[in-house]
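Numbered per my numbering, the sequence shown spans residues 267 to 814. Even glycine gets a Cβ: it sits at the ideal position worked out from N, Cα and C. To start, the structure itself, in C-alpha cells.
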Amino acid sequence: MIQEYQIRTLPQDAANEQSIKQFISHEKGLDIRTIKAIRILKRSIDARHRTIFINLQVRVFINEQPEDDEFKHTEYPNVEGKPGVIVVGAGPGGLFAALRLIELGLCPVVIERGKNVRERKSDLALISRNQKIDPESNYSFGEGGAGAYSDGKLYTRSKKRGNVDKILNVFCQHGASTNILMDAHPHIGTDKLPRVIENMRNTILNCGGEVHFQTRMEGLIIKKNKIIGIETNTGKTFYGPVILATGHSARDVYRWLFAHCVPIEAKGIAVGVRLEHPSKLIDQIQYHNKNGRGKYLPAAEYSFVQQIDGRGVYSFCMCPGGFVVPAASGPHQLVVNGMSPSNRGTQWSNAGMVVELRTEDILHPDLQMQYCESFPNSAETQTCELINKMPTSTNDVHPLAIMHFQEQIEQLCWMQGNMRQTAPAQRMIDFTRKKLSYDLPPTSYSPGVISSPLHFWLPKFIGERLSKGFQQFGKNSRGFLTNEAIMIAIETRTSAPIRIIRDKDTLQHLTIEGLFPCGEGAGYAGGIVSAGMDGERCAEAAAAYLNR
C-alpha cells in the first residue's frame, strides 16, 4: 500500500529517512516495521516564528518497495542525419533546446563561443590571479552559460511558461541530486553543476548532435527576410533555422542585430550591488536564534522587496554560504555576481540588492552619464554616438540605451577599482549615512576590494533608493542593517537590457522567418529553469516550422 502524508515536524525529526519513519509511525499510528521506504515529494522550511518547522509531503511505502526511479527518464533517440537546427549558445536555454530537438527527432548543431565547462574553470581562476578577463571565456561565456559558475539555483516563479518538473527531472537524469525535486528552492551548486552540464553535452553528442566550442557567431545569413544560416569566426558556415540563445551579456550580438535592422527593443533591468553579510549573522536573524542555524538547518536565505519612490528595491539571487565573484565579460568592465557550492558552507552569505530600472528611466537626469570619451574601443564609441542621437520621447527609447547605460556604469566602477578587478566597496551603514568606510570587513571576493564612496558616485536614482531600502529592510529584520555587511559594486547583469521581438504563438522573430529568439538573452527568461523551459518551447516551435 502507498500513502501520502503532509507532515510538519521539527528539523531534527526531518534530518534523515529513519527519523522521518519514526515520526510518521508515531503520528499516523503505523508499525514502523511495515514502512519499507519513504520518498519526500516536497520540502520547505517555515522560519516565520521562533520555533522552526519543516513541512514535508511524503510518500510512504507500506509493506512494499518502490519499483520506479525517483525521477522520470526522457528518451533521446539517435538523430544523426536528421534535419538540423542551429542552436547559438550552450547555456541552459541552448542546452535544453538541443535536448528537446533530439526528443523531436531533429539534429541540434550547438555553436558556443566559449570553452567547455571544465576548461572555463582555468580562465575564471586567472581573473583573480591576473586581474584580466578573457572576452570569450569568463563567468558569462562558455558551456553552461552564466549559471554554470553562478550558483546553480533552480528556483523560478515561471510555472506558467512550461513544465518545471520536466527541467528538474532532466537535470537529475544527467547527475543532479534528486533533492532538487523536493526542495522549495532547489539548488545544485557550482561544484556539482559542471559535471551535470558535461553529461548533457555527452547526451547531445551520443545521439548524433553537434557541439562546436570556441566558435562565435559573427552574423546571421538572411535572405528575403528568412534565416538560412550563420557565419562564424572560424570561417565555417552553418545552415538551417536558428535558435538564438546567446545569454544576456552578448552585446556584440545585440549590436549586430541593431546594425542589420533586425527589430529589437530596450528592456528594463535592475542595478545595484552585491551585499555580503557573515553567514552566521544571517542564520541568527532568519532563524531567530543567537546560536545560528544549529546542526539540522541549512544556511539561511532571505528575500526582501520594497517600493521606494515608485520603483522596486529588492534582493536578487541570494547565495547563502557562498562567494561574490567577478562577472565581467570583457575588458574595462567591473561586474559582480554571487554563487554557492552545494554545501553552502562558507562564512559569508550574499545577495544582489538592486533597484528597478524601467526603459523610460534612462532619460532621467540622474542616469545621464557622460563617459563616452573614455571608452577605449570603437564598439562602445559607436554605441555612444547612437545613444547621443536617441529620441527624447519616453515612448521611443533607443533599443540600445539600457545596454549603453550598463556599459558606462560598469566602466565607471572599473575606474573606481583602480582599473582592475579590485571592486569598490563600502560598509552598509556607512553608505546610508554617506560616510567613507575607513576599513572594510573580510570578504569572499577574491580579487580584493577597495574602500570607495558608493553613495557619492552611484547615480542618485539608484543610490538614494538603495539607502532607503536598506533602512526599511533593517526595520523589518532587526540586525540586517549593520556595518558588518559590505556592499560590493556593481551588479548590473540581472537580466537582458534588450528584448528580441518575437511572435507570442510561433516564437519566431516578428519579421524574420526561421529565427527563434530564446531564453534570458532574448528577454524571455530570468534564470536557469525559466531559460530551460523557454529553450524547450523554442525547440518545439522550430520543429513546427520545419514540419510546415
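Looking only at C-alpha atoms, which of the options sits nearest to residue i?
i    : options                : result
Q738 : C373, I695, Q613, D627 : I695
M267 : A303, N282, A280       : A303
Q692 : K741, Y790, G611, V539 : V539
C438 : I463, V590, D457       : I463
I548 : A810, H315, L459, L747 : L747
I377 : R559, H478, Y342, L390 : H478
L666 : L629, A689, T688       : L629
V431 : G611, N396, S796, A808 : It is worth fixing the name first, because residue 431 is Asp in this sequence and not Val. Ranking G611, N396, S796, A808 by Cα distance to D431 puts S796 first.
N603 : E542, H554, A751       : E542
G485 : Q331, F504, C373       : F504
Q687 : S606, L724, H598       : H598
E402 : K381, N396, A414       : K381
P358 : I433, F289, D400, G455 : I433
G745 : V537, F782, E626, Y553 : Y553
L600 : R699, G347, R299, M681 : M681
A280 : A414, F407, N742, I318 : I318
L781 : E476, I488, K458       : I488
G495 : S608, T777, R521, V351 : V351
S569 : N742, G411, H721, L296 : N742
Q480 : G501, I470, P460, L471 : G501
N491 : I778, A807, R814       : I778
Please classify residue i: does DSSP put it in a helix, a strand, or coil?
i    : result
G359 : helix
I764 : strand
N404 : coil
Q397 : coil
N344 : coil
T709 : coil
D312 : strand
P719 : coil
F327 : strand
R427 : For R427, the predicted structure reports a pLDDT of 41, less than 50, and the residue's modelled location is therefore unreliable. The matter cannot be settled from this model.
S659 : Any reading at S659 must be qualified, since the residue scores a pLDDT of 38, below 50, and its modelled position is unreliable; the value itself is stated next. In the structure shown, S659 sits in coil (DSSP, three-state: anything other than H, G, I, E or B).
M685 : coil
G538 : strand
F746 : coil
A691 : strand
F570 : coil
E651 : Low local confidence applies: a pLDDT of 49 at E651 is under 50, so the model's placement there is unreliable, and no value is given.
T758 : coil
T317 : coil
E409 : coil
H554 : coil
C804 : helix
G798 : helix
A565 : coil
F641 : Residue placement at F641 cannot be trusted, given a pLDDT of 43 that sits under 50; the coordinates are not used to answer.
F849 : Outside the shown range of the chain (267 to 814) lies residue 849, about which nothing can therefore be said.
Could you check the C-alpha separation between residue i and residue j for me, to the nearest Å?
i    : j    : result
E567 : R386 : 29 Å
G793 : G801 : 12 Å
Y562 : P507 : 51 Å
N499 : F327 : 57 Å
H451 : I311 : 10 Å
R467 : S291 : 44 Å
N684 : I756 : 14 Å
G587 : I766 : 36 Å
T660 : T758 : Annotation note: pLDDT 41 at T660 (below 50); position unreliable, no value reported.
Q294 : N465 : Before going further, note that residue 294 is Lys rather than Gln in the sequence given. Their backbone Cα atoms lie some 42 Å apart in a straight line.
R559 : N282 : 17 Å
N329 : I298 : 10 Å
E270 : T300 : 15 Å
Y520 : H453 : 31 Å
L235 : I286 : Any question about residue 235 goes unanswered here, given that the chain covers just 267 to 814.
G353 : E476 : It should be noted that the sequence gives Val, not Gly, for residue 353. Near 10 Å, if we compare the C-alpha coordinates of E476 and V353.
P783 : H775 : 7 Å
E626 : G441 : 44 Å
F289 : L296 : 10 Å
P707 : I716 : 11 Å
Can you find a CB in chain C that lies within less than 8 Å of the CB of residue i?
i    : result
D627 : Of the chains in the structure shown, none is chain C; there is only one protein chain.
Would you call the segment 592–605 and the segment 672–692 touching, i.e. three or more CB-CB distances under 8 Å?
-> When C-beta atoms of the segment 592–605 are compared with those of the segment 672–692, three or more pairs fall below 8 Å, so the two segments count as touching.
Counting pairs of beta carbons, one from the segment 768–778 and one from the segment 728–742, are three or more of them closer than 8 Å?
-> Verdict: no, contact absent.
Taking only runs of the beta strand (DSSP E) that begin and end inside the segment 470–508, which ones reach a length of at least 3 residues, in chain order?
-> For the segment 470–508, whole beta strand (DSSP E) runs of length 3 or above, ordered along the chain, are 476–478, 483–488, 493–498, 503–505.
Please specify which runs of the beta strand (DSSP E), each continuous and at least 3 residues long, are wholly inside the segment 610–639, giving them in chain order.
-> As for any beta strand (DSSP E) of minimum length 3 sitting wholly inside the segment 610–639, the runs are 614–623, ordered along the chain.
Inter-stretch contact at 8 Å, needing at least 3 Cβ pairs: the segment 518–538 / the segment 801–812 | No, because fewer than three Cβ pairs between the segment 518–538 and the segment 801–812 fall closer than 8 Å, the two stretches do not touch.
When the Cβ atoms of the segment 614–630 are set against those of the segment 569–583, are three or more pairs found closer than 8 Å?
-> Yes, the segment 614–630 touches the segment 569–583.
Evaluate the contact criterion for the segment 392–399 versus the segment 360–380: three or more CB pairs, one atom per stretch, below 8 Å.
-> Put simply, the segment 392–399 does not touch the segment 360–380. Fewer than three CB pairs are less than 8 Å apart.
The segment 512–526 / the segment 705–722 touching (three or more Cβ pairs under 8 Å) | No, the segment 512–526 is not in contact with the segment 705–722.
Is the segment 780–791 touching the segment 749–766, taking contact as three or more C-beta pairs under 8 Å?
-> Touching, yes.
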